Amino acid sequence: MPLSAELTAFLEKSRWPSTLTESQLERLRHDIYERSFPSGSIIFARGTPAEHWFGVVDGMIKVDTVSPDGRSTTFAGVPAGAWFGEGAVLKNTPRPYSIVAIRDSKLAFVPRTTFEWLLQQSTSFSRFVIDQLNWRCGYYVALIENRRLREAPARVAFCLSELFNPQLYPSTESTLQLSQEEIGRLSGLSRQNTNRALRELADAKMLAVEYGSVVILDLQRLQEFARQDE
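By my numbering, the letter at position 21 of the sequence shown is numbered 22, and the numbering carries on one by one without gaps.
Have a look at this one:
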């Protein structure tokens, strides 16, 4: 079945497909498929087999887990244009987290067998995956440091500025369709503390808060503020 125009455009915008040979691209086009998910739906539940590597064609997803007492912890938000899930696919173990649609979203699915075949066949694709893992590892190290050592405004600045990581999230737009509740979950803060932190960042002209969204006005300052020493 021919790929949709939207999925074709998504692959063309992604960096790694352009490095594949024609035969490798042919298999990718044959095996990849897309699915749509309404806002709030669980795309993958924790503990499900990691049978696919996936890309966010449109919308936004979050990676989270729920403790036995019902508390939800969000590890990352993944905006449109990103590829995600390579770690779980490589380990071939059940996913240790849930993946949930924050907004109406469309995902591209690459079967694990195709993903592994590309790793074996394409040096450039292997390099891309290594870079993904390296940057993702760095993100989680910085996330732990940020949550343990930083005050609320810096924590919010970190969770927002990291959505613009050029390796992991190359297509993020300046307007982030995130509620204050979602930003609080991404930064590990209560809604009240998130609100105060956003007001402080807005007063500093780093961002503007709108209904149901945040507009990044000065990404460089936001990044510097997020990582400044105590």
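By construction, the Cβ of each residue, glycine as well, lies at the ideal position given by its N, Cα and C atoms.
These figures come from a predicted structure and were not determined experimentally.
* Mapping DSSP to helix, strand and coil, what is residue 231? -> For this step, residue 231 is matched to residue 230 along the sequence shown. For residue 231, the pLDDT reaches just 45, beneath the cut-off of 50, and the residue's location in the model is therefore unreliable, although a value from the coordinates is still provided. In the structure shown, residue 231 sits in coil (DSSP, three-state: anything other than H, G, I, E or B).
* **Runs of alpha helix (DSSP H) lying entirely within the stretch 52–116, each at least 4 residues, in chain order** => The stretch 52–116 contains these whole alpha helix (DSSP H) runs: 87–92.
* **Contacts around residue 12, its chain only, beta-carbon distance under 7 Å, and the 5 residues preceding and following it disregarded** => As a working note, residue 12 is residue 11 in the sequence shown. Only residues of its own chain outside the window of five on either side were considered, and among them 18 have a CB closer than 7 Å to the CB of residue 12, listed in chain order.
* Does the stretch 121–136 come within contact of the stretch 95–107, defined as at least 3 CB pairs closer than 8 Å? -> Using a Cβ-Cβ distance cut-off of 8 Å, the stretch 121–136 and the stretch 95–107 are not in contact, since fewer than three pairs of beta carbons, one from each stretch, lie closer than that value.
* By DSSP, does residue 141 sit in helix, in strand, or in coil? -> In the sequence shown, counting from the first residue as 1, residue 141 sits at position 140. Residue 141 falls in the helix class under three-state DSSP.
* Asked: What do you get for residue 50, buried or exposed, if any count of 16 or more other CB atoms within 10 angstroms of its CB means buried?
  -> The sequence position of residue 50 within the sequence shown is 49, counting from 1. Within a 10 Å sphere around the beta-carbon of residue 50 sit fewer than 16 other beta-carbons, which makes this residue exposed.
* **Any 3 or more C-beta pairs closer than 8 Å across the stretch 25–35 and the stretch 78–94** => By the Cβ criterion, the stretch 25–35 is not in contact with the stretch 78–94, since fewer than three pairs of Cβ atoms, one from each stretch, lie closer than 8 Å.
* So, using beta-carbon positions, are residue 169 and residue 78 closer together than 8 Å? -> Within the sequence shown, numbered from 1, the residue matching residue 169 stands at position 168. Within the sequence shown, numbered from 1, the residue matching residue 78 stands at position 77. Their beta carbons are not under 8 Å apart, which means residue 169 does not touch residue 78 by this criterion.
* Between the Cα of residue 24 and the Cα atoms of 45, 115 and 172, which residue gives the shortest distance? -> Along the sequence shown, read from residue 1 onward, the residue named residue 24 stands at position 23. Checked all of 45, 115 and 172; the closest Cα to residue 24 is 115.
* Cβ-based burial, residue 43 [other Cβ within 10 Å; buried from 16] -> Taking the sequence shown and counting its residues from 1, the one referred to as residue 43 is at position 42. That one is exposed.
* Which one of 58, 158, 175 and 122 has the shortest CA to CA distance from residue 6? -> As a first step, residue 6 must be located in the sequence shown, where it is residue number 5. Per the Cα distances, 58.
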